[in-house]
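According to the working numbering, the stretch in the first sequence is residues 1080 to 1899, in order.
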Amino acid sequence: MSYNFLQVEKKWQQHWKDTEAFKVVEDDSKEKYYSLEMFPYPSGKLHMGHVRNYSIGDVIARFKKMNGKNVLHPMGWDSFGLPAENAAIKNGIHPDIWTRENISEMITQLNELGLSYDWDREVATSSEDYYKWTQWIFLQLYNKGLAYKTKSPVNWCPSCETVLANEQVVNGACERCGSDVTKKNLSQWYFKITDYADRLLKDIDNLDGWPDKVKLMQSNWIGKSYGAEVDFKVKNTDKDLKVFTTRPDTLYGATFMVMAPEHPYVNELVAGTEYEPKVNSFLSELNRLSSIERSATTLEKKGLFIGAYAINPVNNKEIPIYIANYVMMGYGTGAIMAVPAHDDRDFEFAKKYDLEIIPVIKPNDDSIDTENLTEAFCEPGIMINSDKFDGMTNKEAIDKISIDLNERGIGKKTVNFKLRDWLISRQRYWGTPIPIVYCKDCGEVPVNAEDLPVKLPKDVKFTGKGESPLKTSETFMNTVCPKCGGPAVREVDTMDTFVDSSWYFLRYTDTKNDDEVFNLDKAKYWMGVDQYIGGVEHAILHLLYARFFTKFLFDLGLSPVDEPFDNLLTQGMVLKDGAKMSKSKGNVVTPREIIDKYGADTARLFVLFASPPEKDLEWSDDGVEGSFRFINRVWRFVEEYKDILKTGDITINNKFDKELNFKLNEVIKNVTHDISLRFNFNTAISFVMELVNVMYKYTQNAPEINRELLSKAVESVLLLLAPFGPHFTEELWTLIGNEGSIHLHSWPTYDEAALVKDTIEIVIQVNGKMRDKIEVEANINKDDLETLALSTDKIKSLTNGKTVVKVIVIPKRLVNIVVK
RNA sequence: GCCGAAGUGGCGGAACUGGCAGACGCGUCGGACUCAAAAUCCGAAGCCCUUAAAAGCGUGUGGGUUCGAGUCCCACCUUCGGCACCA
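Here it is as structure tokens:
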């Protein structure tokens, strides 16, 4: 026999809806708490990863509410994006309809899980009243010069005739049709996130509530490196070739120079020379490689001398200029000085093309023959072959040489970032239109803010071919210029969906505002997000973009904070048989089947109990069964004893009462600690299980049931479990005669006095090995404890005939006797 | 290659600042209830040797620090994650 979860869960879900239980408004008399889970793409079907993510957030939200906080716990939809468009191409359903249907299905499923969302604050990035403001933010970026258009190579699928996002390129091939992806130069919109690189990096230090792992990933992604820019003259020309190096100390060891094959100087330097055809064939060979193959470190280093020489500014040495496949145009200046003696890649290249190797640093201990290197020497050491810098440590020389370059006007200290500007153009329909028009006379003109939103048209053809579906809508394309009123055409690209999700957490504070992106006072009340929860796959892009937007809006005086998320929890994946659940592996367990068979409370309890939230969770059907059993065990207990429970002052009458009372208070303390400080829901639940076990034993063993005490224990169990299993606890709460929702009741408190024990158990070790235990008065002094420990029969027999060298007494814990 | 995380029973996982390793759950075994089964309740259980007790061995491997190490230090192995020719 088990409880009727179907009926109970339905009943309370309806009740919460009817009473608007989770509606929340600003209230200055209460401390706020903003609990946020990363909003989903509305695919239409919830998976276990969602269940885990939202269960974690819901426990936190409900727990904070029971602790007196005014809790903002919203949900919404990252509803622009490719799948909707693919559905349109495949099935002819309009993306808008497809998306709306999915959203309503997902809302049903989320409500079936009993999640405490304030649906009044729902946002959908694809709705006009949301993307209007996404466009508005675009205009602000544009006005500040942080949104710009430029030609750049993009991924192009020749078969689908469309641009692909990086994520849609799998091993150099189109995700949809498998064709080789090529590069195509197209005009693209960018956000100048690089202007914020330094701040985005520096402020990572303030993110105390973020996992180190995520902070590190962001740091690496931004990739700041310190070094110097050095100007090399190109022999017999007036050109200066700039290189970036992090090792200015090795400047005297530069024996050749390598440029990226795409470097603009390459064409100019070889034009009309005997090297031109060779360079061209080198280039076309390289272009045949996909970007994946090109960037593989295993790719053999290949290069070509282009007939020109550069002059090393520190010693006027002429060095040959090469192009090679291992130098990237996108980083630094696209050209490097090659120092084979002290760089692995340059060494490999020099050996292959038989180029000169000059050591300029030797190890402190002469352990390496620098004249006959077998590999590049990359350790710190002492400067040699470097004029006036000889004898210095190379560390010292980095600084000295940089200063010297600066003074002579041939170089300077500089920094470089790996972070690039953010390409936001997508040649797609189902996204936020970019609010720009092109006028024959005025050129590129931003749409006036009062004319927003630039709406997505309905009369669009979805063929899956061509650059952008919006081109097929004449009503959309043809417009008038906001500046001169003349005929103009609209930008047909839409924005990357990461743009939409970079500010939704701010909109939640004020979702219905038609006049402002969000109200500053409301944002002031709710921001920052106290707890953000989501998958670690968003550790870099989404979180970095969201930080960028928040800082930008902060600079405009629109956002009250310059970092959006005070605390971040990255939950682990849900695995089955050691692998991520996926259709292709056939190891998917759907939330639907679990809810139907056991109910939402069981599903929630299991995903929270099976593993700590930040670790991967191994799915176990037997484990789910166990969680279901536990809920039933609680249910039966309450049913059996509900009639004799009696609230009132508790008197402790015997050792059974005392034991139960101790456990009760201990568990309240531990559960509170584990939820609030560590988010270790798995141990929190296990403590409640212990309490329930003790309660069962109590009813069997105690000579007489202490009705007030048992009543307090039952209430506490329900309150402690309320955030985890909101439905059955609500039902049992009324069953034992309470009025009102358990979720409006305050969190149970414990009595420190109940945790004081009269006697405690002390472990006795001999030479660090546990040999005996004794029960002693809790307040026994050290000397008495030592005497007692040495006098037990067991210890006496073990120490007999040996010398006691030392006795270590740790009060309230153990005694360790060292013997020889 | 670089950076990071993690290795604990048959399984998922506990052990907060070094102090009884294995909480809690699953599975297993035994008992009660039942004509029987399921469900439920109670109990056992790291491994090894044993009728039992005691001893011994046990937190990836090898060393070290300490009265005492899953926890700290050094070296290594394995697995997972991120970045990947970043000059």
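A virtual CB, placed ideally from N, CA and C, is assigned to each residue, including glycine.
Asked: Same chain, Cβ closer than 6 Å to G1678, neighbours up to 5 away in sequence not counted; Found: F1084 and E1088
Asked: Closest Cα partner of H1824 within the set E1809, V1653 and L1635; Found: E1809
Asked: Straight-line gap, I1172 to A1166 (C-alpha atoms, nearest Å); Found: 7 Å
Asked: Own chain residues within Cβ distance below 6 Å of K1492, not counting five before or after; Found: A1307 and S1481
Asked: Backbone secondary structure at M1774 - three-state DSSP; Found: helix
Asked: Residues that DSSP places opposite M1462 in a beta bridge; Found: I1440
Asked: Inter-stretch contact at 8 Å, needing at least 3 Cβ pairs: the stretch 1706-1716 / the stretch 1829-1846; Found: no
Asked: Bridge partners - V1886, DSSP secondary structure assignment; Found: I1896
Asked: Whether A1602 touches P1639 by CB criterion (8 Å); Found: yes
Asked: Assigned exposure category for T1329 - 16 Cβ within 10 Å defines buried; Found: buried
Asked: Straight-line Cα distance separating T1316 from A1350; Found: 13 Å
Asked: Beta bridge counterpart(s) of T1229 as assigned by DSSP; Found: Q1267
Asked: Residue of S1205, G1160, H1152 and G1123 minimising C-alpha distance to S1195; Found: H1152
Asked: Pairwise C-alpha distance: L1265 and P1548; Found: 16 Å
Asked: Candidates P1805, F1741, F1217 and V1130: closest to K1791 by CA position; Found: F1741
Asked: Nearest-angstrom Cα separation, counted from D1851 out to Y1611; Found: 48 Å
Asked: Touch test, the stretch 1125-1140 against the stretch 1455-1475, Cβ-Cβ under 8 Å, three pairs minimum; Found: no
Asked: Straight-line gap, V1313 to E1164 (C-alpha atoms, nearest Å); Found: 52 Å
Asked: contact_flag[the stretch 1345-1362, the stretch 1442-1450] where n(CB pairs < 8 Å) is 3 or more; Found: no
Asked: A1567 (DSSP reduced to helix, strand or coil); Found: strand
Asked: Straight-line Cα distance separating L1789 from T1778; Found: 9 Å
Asked: Close Cβ partners of I1853 (< 8 Å) along its chain, the five nearest in sequence each way excluded; Found: E1840, I1841, I1843, L1867, A1868 and T1871
Asked: Cβ-Cβ distance between I1440 and M1336 below 8 Å; Found: no
Asked: Alpha-carbon spacing of E1546 relative to S1504, whole angstroms; Found: 11 Å
Asked: Residue range of the beta strand (DSSP E) that includes L1243; Found: T1241 to L1243
Asked: Helix, strand or coil at I1398 according to DSSP, with G and I counted as helix; Found: strand
Asked: Where the beta strand (DSSP E) through P1548 begins and ends; Found: Note, P1548: premise wrong, no beta strand (DSSP E); not H, not E.
Asked: For G1147, the nearest candidate out of W1826, P1890, E1856 and I1135 (CA to CA); Found: W1826
Asked: Through-space distance from F1758 to W1509, alpha-carbon basis; Found: 38 Å
Asked: Beta carbon of N1464 nearer than 8 Å to that of I1489; Found: no
Asked: Inter-residue spacing [alpha-carbon to alpha-carbon] between F1159 and M1462; Found: 58 Å
Asked: Option in T1204, T1573, V1393 and N1170 with minimal Cα separation from P1119; Found: T1204
Asked: Contact under 8 Å by Cβ, R1424 with K1381; Found: no
Asked: Ordered list of alpha helix (DSSP H) runs contained in the stretch 1301-1380, each at least 4 residues; Found: 1343-1349, 1355-1366 and 1370-1374
Asked: Cα-Cα separation, L1623 to L1279; Found: 8 Å
Asked: Cut-off 6 Å between Cβ atoms - residues of its own chain near M1774, not counting five sequence neighbours on either side; Found: A1792
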